[in-house]
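Colleague: Residue numbers (full-length UniProt numbering), protein chains in the order written: chain A, 1 to 376; chain B, 1 to 376; chain C, 1 to 376; chain D, 1 to 376.
Even for Gly, the Cβ is constructed at its ideal location relative to N, Cα and C.
None of the values given here were measured: they were computed from a predicted structure.
Questions regarding the structure given below will be posed in turn.
4 protein chains.
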Amino acid sequence: MAIKWLSEKYRAQVVTVTVDVGQEENFSEIEKRAYIAGAEKHYTIDAKEEFANSFVAPSIMMNALYEGVYPLSTALARPLIAEKVVEVAKKEGATHVAHGSTSKGNDQVRFDLAIKSKMPEAEIVAPARTWGMTRQQEVLYAKEKGIPIKEENKKFSIDENLWGRSIEGDTISDPYAEVPEEAFEWTKVTSTEPLEIELEFKEGVPITINGKRSSLLEIVRYLNREAGARGFGRVDHLENRLVGFKSREVYEVPAALLIYSAHQDLEKAVYTPLELRFKRYVDQLWSDLVYRGLWYEPLRSLLDEVGRSMNKYVEGVVKLRVKGGGVNVLGRRAKYSPYAENVASYERGWYPTDEMARGFIEIWGMHSLLANRSRA
Amino acid sequence: MAIKWLSEKYRAQVVTVTVDVGQEENFSEIEKRAYIAGAEKHYTIDAKEEFANSFVAPSIMMNALYEGVYPLSTALARPLIAEKVVEVAKKEGATHVAHGSTSKGNDQVRFDLAIKSKMPEAEIVAPARTWGMTRQQEVLYAKEKGIPIKEENKKFSIDENLWGRSIEGDTISDPYAEVPEEAFEWTKVTSTEPLEIELEFKEGVPITINGKRSSLLEIVRYLNREAGARGFGRVDHLENRLVGFKSREVYEVPAALLIYSAHQDLEKAVYTPLELRFKRYVDQLWSDLVYRGLWYEPLRSLLDEVGRSMNKYVEGVVKLRVKGGGVNVLGRRAKYSPYAENVASYERGWYPTDEMARGFIEIWGMHSLLANRSRA
Amino acid sequence: MAIKWLSEKYRAQVVTVTVDVGQEENFSEIEKRAYIAGAEKHYTIDAKEEFANSFVAPSIMMNALYEGVYPLSTALARPLIAEKVVEVAKKEGATHVAHGSTSKGNDQVRFDLAIKSKMPEAEIVAPARTWGMTRQQEVLYAKEKGIPIKEENKKFSIDENLWGRSIEGDTISDPYAEVPEEAFEWTKVTSTEPLEIELEFKEGVPITINGKRSSLLEIVRYLNREAGARGFGRVDHLENRLVGFKSREVYEVPAALLIYSAHQDLEKAVYTPLELRFKRYVDQLWSDLVYRGLWYEPLRSLLDEVGRSMNKYVEGVVKLRVKGGGVNVLGRRAKYSPYAENVASYERGWYPTDEMARGFIEIWGMHSLLANRSRA
Amino acid sequence: MAIKWLSEKYRAQVVTVTVDVGQEENFSEIEKRAYIAGAEKHYTIDAKEEFANSFVAPSIMMNALYEGVYPLSTALARPLIAEKVVEVAKKEGATHVAHGSTSKGNDQVRFDLAIKSKMPEAEIVAPARTWGMTRQQEVLYAKEKGIPIKEENKKFSIDENLWGRSIEGDTISDPYAEVPEEAFEWTKVTSTEPLEIELEFKEGVPITINGKRSSLLEIVRYLNREAGARGFGRVDHLENRLVGFKSREVYEVPAALLIYSAHQDLEKAVYTPLELRFKRYVDQLWSDLVYRGLWYEPLRSLLDEVGRSMNKYVEGVVKLRVKGGGVNVLGRRAKYSPYAENVASYERGWYPTDEMARGFIEIWGMHSLLANRSRA
C-alpha cells in the first residue's frame, strides 16, 4: 500500500525489500503483492541465521526482557531489517529509504536511527507517518487501489519473527478484557504431555538440545513449536512505550522464555553474588537500550562486550520441564560453578567455629546496629 | 535436643518458645517434646496475623525475590520469631537467648542480629554452632537422650511458614539431580482444572480474592492450597548464601509467586517508566537486605517507607489463571493507571505529526550518533 | 524583543512577567523596557524566598550536581518561574503563554513541561523557537525596533539566580580555550584571606552560619559573596545537553559547591554505608530528572520524600575553610552519628579476637575465592 | 617488633620483606632494624613502577574514590605488597606468611584475602591481631626489647605510598577538631604561585605533562610535589570502614585528586550521557571492591576490562590550574569528542524547527504528565 502511495506521491521508482527473520510468511506472495502495488524491483533476503546468531544470541546472553517480561523480539529485528534495506538502497543507488511505521510507535525510532546510522545521507520516508490515515482509512485506501491485505490485520496487528510473535490492536485495547483465544497462534495447546528438555550452553548460548547438537536457529524453532504446543509462552502486560504512553501488548514467546530461564539459572550457578547483581543490572540496561531504538548507542556495544566476557564461563547443561503453561528448572550442571558439595554439605566439610561465625556476624551487622543506637 | 544440651552444659533453666508463623505443626506435640527434653516452661505464640500483615505485606509491596526467584519466606520470619523470643526472655528475666542455627547457615545471622538489636544485653547461645556435631551426630545424640525427632528430618531439612516451604539437605545436594517428588508437600498435583483468580489490591496489598473480602492470611492460605494443588509454585536454584558459598535450595511458594505476578503487573499499569525502574531497584535492594539478615539496617526501614509511598496508587484488580504449573496474567484494571485507550488506540486519538515524530527521534538518538561519528 | 514580535505576529495583548529568583537585575529597568517594547501590563514577582526554601533547599538535601559538577541553578529556577507566569496567565485570563527559549536549549523543555503541567489548556508560544533568527539576527531585529539590549549579551549568554550564574556563548565555544577573566563576575578574587565557615544544618538544610541564625536565602548570599571573593566556585565542563549534543558550560556557584561539600560530609557522618550508597544513587537520579525538565515526573516527588526522610538525622555543624579557589572540610559534629570514639580508637574499646576477625575475613572473601578456583 | 614476637612465639626463622611502593623511607634503615629485631633474611623489593602501571593506572581509569573522596592509596598497594611477600615466601619455602595488621582494620582483610588467593596453602599469622596489645603497649614492648620505633608513630599512624599519604590515630579522633598542621607533610604551602598544568592522556592514562613525555610514576611524583606545595590535596572525612565502624581519616593525595579531575573531565568530553552514567556506576563499584579487600573478586577483573574498553577513546589534553588549595579545569581537547562547535553554536548549524522541538518535548514529558493526570 505504501508502495502505491510512494510511487504516486514522490513519482519514485520503488524497490521493495522483505527480510526473512523467521516469520511465517509466504515470501513469493509478498513479492507478487509488491509488484502488483507497483514496485520496480523486489528483494527477499534470508537473514534468519544472522538474526539468530547476531541478535538473538546476545539477547540470550543478556536475558533481555523489557520491563521484566518482553523478550524484545520485534525490537531486536528492526536494526537488522534496516541494515539489509540500507544495503539494498546503497546497491540500487537510492536517495530515499522508506519504512512502514507510524508516528506513534516504537519501530519508527528503531528504523530511523538505524538508517541514520548506516546511511546518514539517505532521506527517510515513512508514509504511514506522513499520510495521516487511521488503520481503518488505510484499509479503505488499499481496497480502493486494489491492494490485497492479509485477513488477520483486520482484527489484530501482528509482528512475527523467530524470537516471538506480538499481538496488539484495538480489539485487545481494554487491558482488563482477556485476549480472545483466536489471537494466539504459537501457544495453542495441542499436547498435554510434559516436555522434558536438556539444554546445553557454551559461552552463554545453547548448542545442544536433548543431547543433539543444533544451530541456535533450530533450537529456537524446536522450542517455539514444542513448548508452544503445551500452551507455554504467553505474555500480557501494559507496556511503557518509548513514545510516551502505555500500551497493552501481548506476546507469544515460548523459546525465549524457556531459554532465558535456563540461561539465568546457569549464570547463577557460575557467578559470584557480586557478578550476578552487576550482570542483572547490565541485562536491564541492555534491554532498555534495544527496546528504545538505541542499538547504535556506543554503550550497547560496550555492554555486548561485557555480556560476552561474563558468558565465557556460562557452560553446562540445564534440565527443564514444560507442563501446562509453566516451566520448571529441574537441575543444572555447570562446568565452572564454585558450588562445592563438600562446602555446602550439612554433614561434612567446611564449618566455621562458633567464634568465627560470631566474628562475621558482629562485623557484618555492626554499622547498622551502631546507627540505630545513635538515632534512638 | 538443644534443650537437653543447654540444661546439661549451662545448668540453665530453659524456657522454650515456639512461634506460629503459619507452619503446619502440631504445637501441643512440640510443647510435649519440650517438656520431655527438660524445658522449665514453654510458650506457643500465635504470630500468624502479625507475620502476614507486618512481614508478608511489605514483601508483597516489594515483590521481594532473592536472586530473582526466592520469596524470602524463611528470611522474613526470622526477625519476627526473634522478637517474640526476646519478649519472652525479657518477661522471664533471662540473661541468655538461644537459637538452633548452625555456623554455616544464613539464619544465625538473622537471629543473632535481631537479638542484638532488640536485647543487646543478652548473651546469645547457639548450641548447634557450639557443639560441633554433624546432623548425623545430632540424630545419634537425640536417640541417646531419648529425644523424639520428626521423621522427615532424616531425608530433608524443612522450614515452613505461611509464605513458603523450603527444602534442603544432602539428599538433594547434587544440583543436577531432579528433586524427588516425595520432597514436595504443597505442590503435589491434585487438580487438573484451571484455577481462575481475581485478586484485588489496595495500597499494594491484596484485599479481596474472586470478589470476596479476606484477610491477607486467608488469601495466602487459599492460594497456597489452590495453586499448589495445580502443581504451581516450585523453585529450584543454586542460591548464593550470605555465608560464603552456593547451596542448592528448593522452595514451594505458590501464593508468593502468584501474588507477586499480579502485584508487579498492577505496578506496571500505574508507574511511569522512571518509577518502574526505580521501584525494581528498590525491590532488589530490599530483598538483599532481608535475606542477608539486615532487617534492622536503617536503609530497610527507609525502603519500607518508599514501598508504602509507591504502593499508594497500586489499586485495582488483576485476573490470573493457574494451569498445570504455570500462571498467566489475563488482564488488569488499575484505578490510577495513566493508560488511556484514546491515547494508545491505533484508530483514534493522539498522533504526533511526521515532523514532531522526526524531532523526537532526531534528538533522542543524537548523542549516540554524534559519538559514533567522532570515533569512526 | 519577543514582546514586539508577539504583539506584531499574534496581534496579542502581551502581559509580561519578571520573576525575581535572586538575579542581580534592575527590575524597574526591565519593567520600563517591557512597556517600551509594547507590553500591556508588567508583573515583577519576588520569588526569592520561595526559590530558596522550595527549590534550593531540596537540591541541598540531594547534593544536586548534574554530571558531577553543575548545581542546576538555572534548571531549578525554571519550574518556579513557569508556575509564577502561569499564575499570572490564569489571573489575566490569557490563552497563550510565551517564553524566550530557543529550539536547541534545555530550558524550552523545562518551561513547556511546567506550563503543560500547570495549565494544560494554554497554548505555548516560544518566539525564539518560531522565528528562526540567530542571536546576531536578533540583535539586529532589536536595534531596528528600537529595543535596548544589555551589553553583556553581545559576548556571553548569561543566566543568573540566587543559586548560580551560568555563562555560555560562542566566544567560549572552543572547549580548550580558557574562558576570559571578564566572563566572570561572582568569582573575581578580591580577598586573599582564608574564609572560615561553620555551617550548622538541621534536617539537611543550613540554619546558622558562623553561629548566626539566618535564612537560607541569607546564607546563600553570604557564601556567594564571601567565597566568591576568594575565587572559589568556578565550574567549566562539556555538558551533555538534554537536547542531543554537548555544550561547553561555565558556572559560578560558590555557595552551592560549599554547601554541598558540607552537607555531603555531614551525611557521611550519619549514614550507614548502605544508606550512603543508596542516597548517592538517589542524588544522581534527582539531579538528572531536574536537569532534564522532569520536575513534574512523579518520581521526582517520591525522591523528594526520600530526601526529606533521609535528611531527618542530618543535623550538626561542619567547619570549612575556603582559600584561594579551594575548600577544605576541617571537621564536623553530627548529632546522630554512629561514630564512636571508643569503638574507633586504636587504644581502647572494641577489638575482635583473632579468630573472630578470621571468621569475618574467611566468609567475606569466600564467594570470590571459590569462584576463582572453579575457573582456574 | 613483630619479628621479635614471631621468633619468640613460633620459634620461627623470620624472613622480612619491605616493598617499595613509593613511600619516603630509608630502606637500608628498615633493613638494619629488621636484622636487629632478629630477621634471618631481609628483602627490599622495588615495586614502584609496577604499582604505578598496574594499580595506579587502572585506578585512574576508574576515577577510584571511596565514598567520593578517598583515592584508595593504601587499599591499592595491599594486594601488590602481598603478592611480593608471597613470591618471597614461595621462594624461601615458607609455611607461614605474616603481616602487621590489627583485628580492627581494613588492611587485614586485604592482606589475608590476597595471601589466601595467591598461596592458599600458607598459614597466615598476624601478630598484632593475636597478641592483643594496644598501640601503647606495643611501644612499651618495643622499648623493652630494644627495638627502635619511628618518632611520628607516637602521634599519628601514617601509611604512605606513591598514590597518597594517610593519617589516622587517636590524636585526630575527635572528628570536629581540626587536624594539626604538623600532621601534614605533602601539602604544606611553600609556593603561592599558581601551578599551570597540561596533562595529556592516552587510553585513559597520563602520558605527558606540560608537553613532556613522562612515565606515570614521574607524573605522579611531579604532581604530588608541585600541587602539594600549593597546599592542594587534603581530604578529611568520617570513613565507613569495612570492619563495621566509622573512622576519621585524613589523606594527602594531590596527584590523585588532580589526575582524577582531569580524567573525569576528559571522559565527559568523550562519553555519551548513557556511557557516562554507566561508567560512574562502574567507577563506584570498582572503588568499593578494592577498598573492601576484594581485589581477587572476579567482578573486579571484569570491571577492569570495562575500564580499559571505555578508556580506549579517552585521549587528549586537559588544562588545569592549581591555586591555593583548589584546582580548576580550564579547558580540554579530546580527540574523540562528539562535541561539535557547529552543532552547539548559537549562531550557526543545527536548529530543530519549532514543531520538531515540540514533538520532542511532548513525547519526552508525556509519561509523566499522563501519570499526574491519572492520580489527580
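Check whether the Cβ atoms of isoleucine 81/B and valine 97/B sit closer than 8 Å, and answer yes or no.
Modeller: In this structure, valine 97/B does not lie closer than 8 Å to isoleucine 81/B by Cβ.
Colleague: Compare the C-alpha of lysine 9/C against each of Gly38/C, Leu289/C and Gly22/C and name the closest.
Modeller: When each option's Cα is compared against that of lysine 9/C, the closest is Gly38/C.
Colleague: In angstroms with no decimal places, state the Cα-to-Cα distance between lysine 268/D and isoleucine 361/B.
Modeller: Between lysine 268/D and isoleucine 361/B, the C-alpha separation is close to 23 Å.
Colleague: Look at the Cβ atom of tyrosine 43/A, then the Cβ atom of valine 17/A, and state whether they are nearer than 8 Å.
Modeller: Result yes, Cβ atoms of tyrosine 43/A and valine 17/A sit closer than 8 Å.
Colleague: Quick one: is glutamine 23/B near chain A, going by C-beta distance under 8 Å?
Modeller: Judged by the 8 Å Cβ criterion, glutamine 23/B is not in contact with chain A.
Colleague: Buried or exposed: which applies to glutamine 264/C, given that a residue is buried once 16 or more other Cβ atoms fall within 10 Å of its Cβ?
Modeller: By the 10 Å Cβ count, glutamine 264/C comes out buried.
Colleague: Which term fits asparagine 210/B, buried or exposed, when burial requires 16 or more other beta carbons within 10 angstroms of its beta carbon?
Modeller: Exposed is the call here.
Colleague: Short of 6 Å in beta carbon distance, which residues of its chain neighbour methionine 62/D, apart from the five on each side in sequence? Order them along the chain.
Modeller: Asp283, Trp286 and Gly307.
Colleague: Going by DSSP, name the residue or residues bridged to isoleucine 45/C.
Modeller: Val19/C, per the DSSP bridge assignment.
Colleague: Can you give the Cα-Cα distance for arginine 321/B and leucine 162/A, rounded to whole angstroms?
Modeller: Their backbone Cα atoms lie some 27 Å apart in a straight line.
Colleague: Tell me the DSSP secondary structure of glutamate 152/A in three-state form.
Modeller: Bear in mind that the predicted position of glutamate 152/A carries a pLDDT of just 49, short of 50, making it unreliable; the figure below should be weighed with that in mind. In the structure shown, glutamate 152/A sits in a helix (DSSP, three-state: H, G or I).
Colleague: Contact criterion: CB-CB distance below 8 Å. Does arginine 375/A meet it with respect to chain C?
Modeller: For arginine 375/A, the answer is yes, since a Cβ of chain C falls inside 8 Å of its Cβ.
Colleague: Taking the alpha-carbon of glutamate 252/B as reference, which of Glu193/B, Val125/B, Lys279/B and Val220/B has the nearest alpha-carbon?
Modeller: It is Val220/B.
Colleague: Look at the alpha carbon of arginine 373/B and the alpha carbon of tryptophan 350/D, and state the distance between them as a whole number of angstroms.
Modeller: So the two alpha carbons sit approximately 16 Å from each other.
Colleague: Quick check: what's the CA-CA separation for glutamine 13/C versus isoleucine 124/C?
Modeller: Computed Cα separation, rounded: 15 Å.
Colleague: At a Cβ cut of 9 Å, what residues of the region 320-337 of chain C count as close to chain D, listed as they run along the chain?
Modeller: Listed in sequence order: Arg321, Val322, Lys323, Gly324, Gly325, Gly326, Val327, Asn328, Val329, Leu330, Gly331, Arg332, Arg333, Ala334 and Ser337.
Colleague: Roughly how far, in whole angstroms, is the beta-carbon of tyrosine 260/A from the beta-carbon of proline 71/A, given that I think they are within contact range, below 8 Å?
Modeller: Indeed, because the Cβ distance is near 7 Å, the residues count as touching under 8 Å.
Colleague: For glutamate 152/B, would you say it is in contact with chain C, using Cβ-to-Cβ distances shorter than 8 Å as the test?
Modeller: A caution first: glutamate 152/B carries a pLDDT of 48, below 50, which makes its placement in the model unreliable, though a value can still be read off. No, because no Cβ of chain C sits closer than 8 Å to the Cβ of glutamate 152/B.
Colleague: Going by the DSSP bridge assignment, what does phenylalanine 201/A pair with across the sheet?
Modeller: Its beta-bridge partners are Pro206/A and Gly316/A.
Colleague: Measuring straight from C-alpha to C-alpha, what distance separates glutamate 185/D and lysine 4/D?
Modeller: When rounded, the distance between both Cα atoms is 31 Å.
Colleague: Which residue comes first and which comes last in the alpha helix (DSSP H) that contains residue 379/D?
Modeller: Residue 379/D is absent from the structure shown; chain D starts at 1 and stops at 376.
Colleague: With three or more C-beta pairs closer than 8 Å as the rule, is the region 231-247 of chain B touching the region 332-343 of chain B?
Modeller: With a cut-off of 8 Å, the region 231-247 of chain B and the region 332-343 of chain B do not count as touching, because too few Cβ pairs lie within range.
Colleague: List, in order along the chain, the chain C residues whose C-beta lies closer than 9 Å to that of serine 247/B?
Modeller: Neighbours of serine 247/B on chain C: none; closest Cβ ~12 Å, over 9 Å.
Colleague: Note down, in chain order, each residue of its chain lying with its Cβ closer than 7 Å to the Cβ of glutamate 40/A, except the 5 sequence neighbours on either side.
Modeller: Here the set comprises Gln13, Val14 and Val15.
Colleague: Taking valine 317/A and leucine 199/A to be in contact with their CB atoms under 8 Å, please state how far apart those CB atoms are, rounded to whole angstroms.
Modeller: Contact holds; Cβ gap of about 7 Å.
Colleague: Closer than 7 Å, Cβ to any Cβ of chain D: which residues of the UniProt domain "Arginosuccinate synthase-like N-terminal" (2-148) of chain A, in chain order?
Modeller: Of all residues in the UniProt domain "Arginosuccinate synthase-like N-terminal" (2-148) of chain A, none has a Cβ within less than 7 Å of some Cβ in chain D.
Colleague: Say whether the region 124-143 of chain C touches the region 85-105 of chain C, bearing in mind that this needs 3 or more beta-carbon pairs closer than 8 Å, one atom from each stretch.
Modeller: Segments in contact, yes.
Colleague: Nearest to alanine 256/C by CA position, among Pro120/C, Gly146/C and Ala52/C, is which residue?
Modeller: Selected option, being the one with the closest Cα: Ala52/C.
Colleague: Please report whether the beta-carbon of aspartate 159/B lies at a distance below 8 Å from any beta-carbon of chain A.
Modeller: Cβ-Cβ to chain A under 8 Å: no for aspartate 159/B.
Colleague: Does DSSP put serine 214/B in a helix, in a strand, or in coil?
Modeller: Here serine 214/B sits in coil by DSSP.
Colleague: Which residues in chain C have a C-beta closer than 7 Å to the C-beta of serine 345/D? List them in chain order.
Modeller: Those are Asp170 and Ser173, listed as they occur along chain C.
Colleague: With 16 as the cutoff for other CB atoms within 10 Å, does tyrosine 35/A come out buried or exposed?
Modeller: So tyrosine 35/A counts as exposed.
Colleague: Which one or two residues does DSSP pair with isoleucine 249/C in a beta bridge?
Modeller: Checking the sequence shown, residue 249/C turns out to be glutamate, not isoleucine. Note: glutamate 249/C sits in a beta bridge opposite His237/C.
Colleague: Going by alpha carbons, who is nearest to leucine 289/C out of Leu217/D, Trp364/D, Leu223/D and Tyr141/D?
Modeller: Comparing Cα positions, the closest option is Trp364/D.
Colleague: For tyrosine 313/A, decide whether its Cβ has a neighbour in chain C, counting only Cβ atoms nearer than 8 Å.
Modeller: Taking Cβ atoms only, chain C reaches closer than 8 Å to tyrosine 313/A, which makes this a yes.
Colleague: Quick one: what's glycine 100/D bridged to in DSSP?
Modeller: Answer is none; glycine 100/D lacks a bridge partner.
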